[in-house]
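Undergrad: Protein sequences appear in the order of chains D and U. Going by the numbering used here, the first residue of the first sequence is number 1, and it counts up by one from there. Going by the numbering used here, the first residue of the second sequence is number 1, and it counts up by one from there. Glycine is no exception: its CB is placed at the ideal position from the N, C-alpha and C atoms.
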Amino acid sequence: MPDSTTLHYQKLAGRGSISGNQGLYLANDHLLITDGYYKQRYRRLYLKDIQALIWCPSSGYVPVAVMLCITVGALFLGSLTSLHDPILPWFYFCINIPFMLMLASHLYQAGSVEFGLQTSVQTIKLDCVASLRKARKVEQQITKAVEAIQGSLTDRDLVEYHNHTQSIPQPGKRPSTSQTYPS
Amino acid sequence: MTLTALNDRRKTLPLPARTVSDDYGREYCGKAHHIRLFPAIIREKETVQPETLIDSQQASCYFHPKFAATTVCAISGRFICDLCTTEWEGESVSLTALQEMHTRGGTLKLETERVLWDSIALVLAFLFITGPVALMLVAWFWRKGPTSLVRRSRIRYVIAGCVGAIDTVLLARLFF
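(1) Whose Cβ in chain U lies nearer than 7 Å to the Cβ of G116/D?
(2) When the cut-off is 8 Å and only beta carbons count, does H33/U lie next to chain D?
(3) Does the distance from the C-beta atom of A40/U to that of K48/D stay below 8 Å?
(4) If we ignore side chains and look at the alpha-carbon of each, how far apart do L174/U and I159/U end up?
(5) Below 8 Å on the Cβ atoms is my guess for S112/D versus G73/D; work out the distance and round it to an integer in Å.
(6) Which value, in whole angstroms, describes the spacing of the CA atoms of G164/U and L137/U?
(7) Once you ignore the five residues that flank S58/D on each side, which residues in its own chain have a CB closer than 8 Å to its CB?
(8) With distances taken Cα to Cα, identify the nearest neighbour of D29/D among V146/D, Q40/D, K137/D, P86/D.
(9) Between L32/D and L149/U, how many whole angstroms is the CB-CB distance? I'm expecting something under 8 Å.
(10) Between S152/D and Q51/D, is the Cβ-Cβ spacing less than 8 Å?
(11) Between which residues of its own chain and F38/U is the CB-CB distance below 7 Å, once the five residues before and five after are set aside?
(12) Would you list the one or two residues that DSSP bridges to L44/D?
(13) Is the shortest distance between the beta-carbon of K48/D and the beta-carbons of chain U less than 8 Å?
(14) The alpha helix (DSSP H) with Y108/D in it runs from where to where?
(15) Can you name the start and end residues of the alpha helix (DSSP H) that I35/U belongs to?
(16) Name, in chain order, the residues that DSSP records as bridge partners for F67/U.
(17) What are the residues that DSSP puts in a beta bridge with C61/U?
(18) Give a yes or no on whether 8 Å exceeds the smallest Cβ distance from A148/D to chain U.
(19) Which of the three DSSP states, helix, strand or coil, is assigned to Q122/D?
(20) So which residues of chain D does R114/U contact, with C-beta pairs closer than 7 Å?
(21) Between which two residues does the alpha helix (DSSP H) harbouring N163/D extend?
(22) Measure the C-alpha to C-alpha separation of R36/U and L53/D and round it to an integer number of angstroms.
(23) Hey, is V158/U's beta-carbon within less than 8 Å of any beta-carbon in chain D?
(24) Report the neighbours of G151/D on chain U: residues whose CB is nearer than 7 Å to its CB, in chain order.
(25) How would you call D3/D, buried or exposed, if buried means at least 16 neighbouring beta carbons within 10 angstroms?
(26) Closer than 7 Å to a non-hydrogen atom of the ligand ZN - does that hold for the CB of I41/U?
(27) Along chain D, which residues have their Cβ under 8 Å away from the Cβ of E111/U?
(28) CB T34/D to CB G23/D, shorter than 8 Å?
(29) Look up Q10/D in the DSSP assignment and give the residues it is bridged to.
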């Protein structure tokens, strides 16, 4: 049997928050999803089983950006209106620094997304990939690893599959009720 | 074959006609999805048909005596049929042997959870009053190395040990 006492993981994404701490790591033949702060739970997705990578924009980006802009603007105004004071403008400015950094970091993320991976038995949503920039980067890394194992799928293969199964979706046409809303 | 919509798990999207689709599925679930497909999506599922034993001279499966053995388990060495066989690290193994290995904790690839003693020691060290406990944890678990599967450094143990030692000295001076 091959030696499996040592495994080297490449970190793809990781995020700690109040709700949980999730990480995504890449090994030579699988992806490892870790959850938890003090008791780490592991889920493995083998690269040969990954069927699709899906992401869609989520609604969290704009409200957070607006709130941060308002906070930064208010603190900036505060420092402007207290210029007569020798200490107060610097006080406001120092408080404003973390908010400005948060805003810059938030704008750099370019949008918030929900990110998921589909296999034949489940679709796993990855909370650790929450920004557009990160989603694009992780997509590239996962695609490279999956295609190294599965090979690449061409549009022609897909059209042949559709022709074989007669299931090409019609653009602008809703699928049947049973297909869209499975019971 | 369908895809699950991420914004609403009850809704599904039919397979797109292209391997990489942007702005797909708005009409099915109300939100545009970016989708990248891989060859596994069109791969046909394999069905297992065990071979029935027809000759008494033929080797039978260890777990199913009525079926013919088709391979040898790479872990246990038992003769097994197609029904019992699965692939593990490129080898054919029996599901029972794999389960036994999982129970023994014999391989990293089967572990499902771990307690992160280095993180616990670090938190306990910074709580001051629990500094000696952190020091004991560091001493106890140091040889095991980093407790997470994905962590390779002992830096948490080192910090927890230093802070825990300072805590212990301060507590000793406080009470004795």
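TA: According to the structure shown:
(1) One-based indexing of the first sequence puts residue 116/D at position 116. Those within 7 Å of G116/D in chain U are L6.
(2) Within the second sequence, the letter at position 33 stands for residue 33/U. With 8 Å as the cut-off, H33/U counts as an interface residue toward chain D.
(3) By one-based count along the second sequence, residue 40/U stands at place 40. By one-based count along the first sequence, residue 48/D stands at place 48. Closer than 8 Å, so yes.
(4) Numbered from 1 along the second sequence, position 174 holds the residue referred to as residue 174/U. Numbered from 1 along the second sequence, position 159 holds the residue referred to as residue 159/U. Roughly 22 Å separates the two Cα atoms.
(5) On the first sequence, residue 112/D is found 112 positions in, with the first residue counted as 1. On the first sequence, residue 73/D is found 73 positions in, with the first residue counted as 1. Going by Cβ atoms, the distance from S112/D to G73/D rounds to 22 Å, so no, they are not a contact pair.
(6) Counting from 1 along the second sequence, the entry for residue 164/U is found at position 164. Counting from 1 along the second sequence, the entry for residue 137/U is found at position 137. Going by the C-alpha atoms only, they are around 10 Å apart.
(7) Looking up residue 58/D in the first sequence gives position 58. When the five nearest sequence neighbours on each side are left out, the beta carbons in the same chain lying within less than 8 Å of the beta carbon of S58/D are those of S112, V113, E114, A130, in order along the chain.
(8) By one-based count along the first sequence, residue 29/D stands at place 29. Nearest option by C-alpha distance: V146/D.
(9) Here residue 32/D corresponds to residue number 32 of the first sequence, with the count starting at 1. Here residue 149/U corresponds to residue number 149 of the second sequence, with the count starting at 1. L32/D to L149/U, Cβ: 7 Å. Contact.
(10) Locating residue 152/D in the first sequence gives position 152, counting from the first residue. Locating residue 51/D in the first sequence gives position 51, counting from the first residue. Their beta carbons are not under 8 Å apart, which means S152/D does not touch Q51/D by this criterion.
(11) In the second sequence, counting from the first residue as 1, residue 38/U sits at position 38. Contacts found: none.
(12) Working through the first sequence from its first residue, we reach residue 44/D at position 44. First, the residue type needs correcting, since residue 44/D is Arg and not Leu in the sequence shown. Its beta-bridge partners are L32/D.
(13) Here residue 48/D refers to the residue found at position 48 of the first sequence. Closer than 8 Å: yes.
(14) Within the first sequence, residue 108/D is the residue found at index 108, counting from 1. Note, Y108/D: alpha helix (DSSP H), 88–108.
(15) For this step, residue 35/U is matched to residue 35 along the second sequence. First-last for I35/U: 33–37, but that is the beta strand (DSSP E), not the alpha helix (DSSP H).
(16) Locating residue 67/U in the second sequence gives position 67, where the first residue counts as 1. Bridge partners of F67/U: T52/U.
(17) Position 61 of the second sequence, counting from 1, holds the residue named residue 61/U. According to DSSP, C61/U shares a beta bridge with no other residue.
(18) For the purposes of this step, residue 148/D is taken as the residue at position 148 of the first sequence. No, because no Cβ of chain U sits closer than 8 Å to the Cβ of A148/D.
(19) In the first sequence, the residue the question calls residue 122/D occupies position 122. Coil.
(20) By one-based count along the second sequence, residue 114/U stands at place 114. Near R114/U (Cβ distances below 7 Å), the residues of chain D are Q40.
(21) Numbered from 1 along the first sequence, position 163 holds the residue referred to as residue 163/D. N163/D -> alpha helix (DSSP H) spans 155–165.
(22) Position 36 of the second sequence, counted from the start, is the residue given in the question as residue 36/U. Position 53 of the first sequence, counted from the start, is the residue given in the question as residue 53/D. Cα to Cα, R36/U sits roughly 5 Å from L53/D.
(23) In the second sequence, residue 158/U corresponds to position 158, counting from 1. By this cut-off, V158/U is not an interface position.
(24) One-based indexing of the first sequence puts residue 151/D at position 151. Ordered by position in chain U, the residues that pass the 7 Å Cβ test against G151/D are P39.
(25) Working through the first sequence from its first residue, we reach residue 3/D at position 3. Residue placement at D3/D is poorly supported in this model, since its pLDDT is 42, which falls under 50; the coordinates still yield a value, given next. Per the 10 Å Cβ criterion, exposed.
(26) Because no ligand of any kind appears in the structure shown, any question about the ligand ZN cannot be addressed here.
(27) To locate residue 111/U, count along the second sequence from 1; it is residue 111. By Cβ distance, chain D contributes Y42.
(28) Along the first sequence, one-based indexing puts residue 34/D at 34. Along the first sequence, one-based indexing puts residue 23/D at 23. Yes, the pair counts as a contact, with Cβ atoms nearer than the cut-off.
(29) Residue numbering aside, residue 10/D sits at position 10 when the first sequence is read from its first letter. Its beta-bridge partners are L26/D.
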